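The structure appears right after this line, and notes come after that.
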Amino acid sequence: MAALGITVALLVWVATLLLVSIWKQIYSSWKLPPGPFPLPILGNVFQVDLKNIPKSFTRLAERYGPVFTLHLGSRRVVVLHGYKAVKEVLLTYKNEFSGRGEIPAFQEFKDKGVIFNNGPTWRDTRRFSLTVLRDYGMGKQRNEERIQRETHFLLEALRKTQGQPFDPTFVIGGGPFNVIADILFREHFDYEDKMCLRLMHLFNENFYLLSTPWLQVRPLSSVLVSLPSSSIAQFPLEKEGEFKSCGQTGLQELENRSQGVFDYPLYNYFSSYLRYLPGSHRKVMKNVSEIKAYTLERVKEHHKSLDSNRPRDFTDSLLVELEKEKHSAEPVFTLENIAVTTADMFFAGTETTSTTLRYGLLILLKYPEIEEKLHKEIDRVIGPSRIPAIKDRLEMPYMDAVVHEIQRFINLVPSNLPHEATRDTEFRGYVIPKGTVLIPTLDSLLYDDQEFPDPEEFKPEHFLNESGKFKYSDHFKAFSAGKRVCVGEGLARMELFLFLSAILQHFNLKSLVDPKDIDLSPITIGFGSIPPRYKLCVIPRS
Numbered sequence: 000m001a002a003l004g005i006t007v008a009l010l011v012w013v014a015t016l017l018l019v020s021i022w023k024q025i026y027s028s029w030k031l032p033p034g035p036f037p038l039p040i041l042g043n044v045f046q047v048d049l050k051n052i053p054k055s056f057t058r059l060a061e062r063y064g065p066v067f068t069l070h071l072g073s074r075r076v077v078v079l080h081g082y083k084a085v086k087e088v089l090l091t092y093k094n095e096f097s098g099r100g101e102i103p104a105f106q107e108f109k110d111k112g113v114i115f116n117n118g119p120t121w122r123d124t125r126r127f128s129l130t131v132l133r134d135y136g137m138g139k140q141r142n143e144e145r146i147q148r149e150t151h152f153l154l155e156a157l158r159k160t161q162g163q164p165f166d167p168t169f170v171i172g173g174g175p176f177n178v179i180a181d182i183l184f185r186e187h188f189d190y191e192d193k194m195c196l197r198l199m200h201l202f203n204e205n206f207y208l209l210s211t212p213w214l215q216v217r218p219l220s221s222v223l224v225s226l227p228s229s230s231i232a233q234f235p236l237e238k239e240g241e242f243k244s245c246g247q248t249g250l251q252e253l254e255n256r257s258q259g260v261f262d263y264p265l266y267n268y269f270s271s272y273l274r275y276l277p278g279s280h281r282k283v284m285k286n287v288s289e290i291k292a293y294t295l296e297r298v299k300e301h302h303k304s305l306d307s308n309r310p311r312d313f314t315d316s317l318l319v320e321l322e323k324e325k326h327s328a329e330p331v332f333t334l335e336n337i338a339v340t341t342a343d344m345f346f347a348g349t350e351t352t353s354t355t356l357r358y359g360l361l362i363l364l365k366y367p368e369i370e371e372k373l374h375k376e377i378d379r380v381i382g383p384s385r386i387p388a389i390k391d392r393l394e395m396p397y398m399d400a401v402v403h404e405i406q407r408f409i410n411l412v413p414s415n416l417p418h419e420a421t422r423d424t425e426f427r428g429y430v431i432p433k434g435t436v437l438i439p440t441l442d443s444l445l446y447d448d449q450e451f452p453d454p455e456e457f458k459p460e461h462f463l464n465e466s467g468k469f470k471y472s473d474h475f476k477a478f479s480a481g482k483r484v485c486v487g488e489g490l491a492r493m494e495l496f497l498f499l500s501a502i503l504q505h506f507n508l509k510s511l512v513d514p515k516d517i518d519l520s521p522i523t524i525g526f527g528s529i530p531p532r533y534k535l536c537v538i539p540r541s
């Protein structure tokens, strides 16, 4: 009888919690934008396709409009879809919605750095970082020369492949990696250096894991086995320098390492429940710790040899500020903050540009006629020997259009990084409470069929006018906009143009499969759109 009483009491308690949760959802939502009714605890998780979150947002926008509310777990999220809504949030309300929504997998970076930080510390760190980057040539001639120097090393690494099939991931990645390493630490790495490969592996693995919604739903092996075996690359394993070909054993090894009970999007919204369970979030956090440990070590080494009157690089410049704040009660530039800031920039400055170039080469393998047009433009404007320069962009509208179309088409970060309301804000007749997460969907701009006809197709003509001149589109927000715009936008634009021009100036691209059989679909879409792994050959042009 006592057991029955306890059972009844527990049922009443659970029912009360559910009713209170439902009441809170209704009471707190009456001034929010419309959206589907959330379940207690789970919210609207079953109304979002975790295999393709951007498509889910598009479907929900068709029903609820360009501004709608979702509850993912206990977190309230307002999604902005379409040019007007996204631009309004990023630019018109840039102060009110300039916060960074929490990303639990990057908890170690919270309240530090320039990406995952908030408040006065973020504002001061970002402002000073931008000043230093300008001093070190971000978007200027100094950076152009830096990229041109690195181009020689990249081309030499490609020549070493001797026309044989290779995975471009870490070869192409070496270019952006060394450019940002030079800015941050005034260092240059050989493309086969173990530390260089290790860091690129960590960046690459985290970008992949953060983009994998729920690996049990779509096992990685089911994606890879559908590709021609000759085009499947080798995947790095845990042990530094160890590689295993992607036969059945290699696939199983990668899947065992990547697969968890819950993966990133679920963990992001249910972290309070899932933090102690197995899942890829643990691997992401381990990688984050290793990256931060590396940058912290480099920062400490710089600190020991610092000459405040002669800063050598970005890190030294931040350390000079640390010395100035030595007696401050609330210093901004601590060793931890500088380490996270450099880690932020190292990851973002390497992986996003590297992935864009890698995806771009795959697209050109698919469309050899586009590659041929680029060869002709390069030969006409630059010739066979002179190194490409930014000034060439004015006379190379087709290359400029291709670079922009690559970024539009691959839709690298489709849902943007989450923003957060910094205060209660009235927006379009709704009230967005402080702390609400906002998702300004970039793919709704990049795939707007009114601006880009046939957006699912790769067409450089999207950025060309009737005269064949480059045509800019205000919908092109691949780097976001406003106060959270990518700090390295100028550098990335320069790298994409110069590296791609140099590669095509010296090499023809050769696919291992019929171009018609190349599938450009990302292997997973979450935090980012991840290109298929592949191999190619680069053949020196005569």
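At position 241 of the sequence shown the residue is numbered 240 (numbering that gives the first Met the number 0), and the sequence of numbers has no breaks. Note that beta-carbon positions come from the ideal geometry of N, C-alpha and C, so glycine has one too. These figures come from a predicted structure and were not determined experimentally.
Run of the beta strand (DSSP E) containing residue i, from where it starts to where it stops
| i | result |
| --- | --- |
| N117 | Premise fails: N117 is in no beta strand (DSSP E) and is neither H nor E. |
| L31 | L31 -> no beta strand (DSSP E), and no H or E assigned at all. |
| V430 | Y429 to I431 |
| R75 | R74 to L79 |
| E191 | Looking at the DSSP string, E191 is not in any beta strand (DSSP E), and its letter there is neither H nor E. |
| T424 | T424 to F426 |
| L71 | V66 to L71 |
| L437 | V436 to P439 |
Buried or exposed by the 16-neighbour rule on C-beta atoms within 10 Å, applied to residue i
| i | result |
| --- | --- |
| I529 | buried |
| N410 | buried |
| E456 | exposed |
| P459 | buried |
| S244 | Bear in mind that a pLDDT of 35 at S244, under 50, signals an unreliable position, so the model cannot answer this. |
| M493 | buried |
| Y207 | buried |
| Y358 | buried |
| A338 | buried |
| L321 | buried |
| G527 | buried |
| R407 | buried |
| G467 | exposed |
| E376 | buried |
Where residue i falls: helix, strand or coil (DSSP)
| i | result |
| --- | --- |
| K534 | coil |
| T130 | helix |
| T523 | strand |
| N415 | coil |
| I179 | helix |
| N584 | The shown model of the chain, from 0 to 541, leaves out residue 584, and the question about it has no answer. |
| H151 | helix |
| N51 | strand |
| F469 | strand |
| K509 | strand |
| V224 | Bear in mind that a pLDDT of 34 at V224, under 50, signals an unreliable position, so the model cannot answer this. |
| R58 | helix |
| R99 | strand |
| L38 | strand |
| S528 | strand |
| P383 | coil |
Cβ neighbours of residue i in the same chain (closer than 7 Å, five flanking residues each side left out)
| i | result |
| --- | --- |
| K372 | Y397 |
| K365 | P514, I517 and L519 |
Contact belief for residue i with residue j at Cβ below 8 Å, rounded distance in angstroms
| i | j | result |
| --- | --- | --- |
| F67 | G98 | So it is not a contact: roughly 20 Å between Cβ atoms. |
| L71 | V44 | 6 Å |
| I369 | Q504 | Not quite, the Cβ-Cβ distance comes to about 16 Å (not below 8 Å), so this is no contact. |
| G348 | P175 | 6 Å |
| E296 | F202 | So it is not a contact: roughly 17 Å between Cβ atoms. |
| A477 | L441 | 7 Å |
| N415 | S479 | 6 Å |
| K534 | D166 | 6 Å |
Residues near residue i in its chain [Cβ-Cβ closer than 6 Å; skip 5 each side]
| i | result |
| --- | --- |
| V402 | L495 and F496 |
| R185 | R311 and D312 |
| T523 | S210, T211 and I529 |
| D399 | R392 and F469 |
| M395 | E376 and V380 |
For residue i, the first and last residue of its enclosing alpha helix (DSSP H)
| i | result |
| --- | --- |
| K303 | S279 to K303 |
| I502 | E488 to H505 |
| H374 | P367 to V380 |
| V85 | Y82 to K86 |
| L89 | Segment: none, L89 is in no alpha helix (DSSP H) and carries neither H nor E. |
| E404 | P396 to I409 |
| L318 | F313 to K323 |
| D306 | Neither: D306 is in no alpha helix (DSSP H) and is coded neither H nor E. |
| D453 | Counting along the chain, D453 falls outside any alpha helix (DSSP H), and DSSP gives it neither H nor E. |
| D442 | D442 to L445 |
Own chain, CB closer than 8 Å to residue i, minus 5 neighbours either side, in chain order
| i | result |
| --- | --- |
| E324 | P330, V331 and F332 |
| T150 | G174, I386, P387, L497, F498 and A501 |
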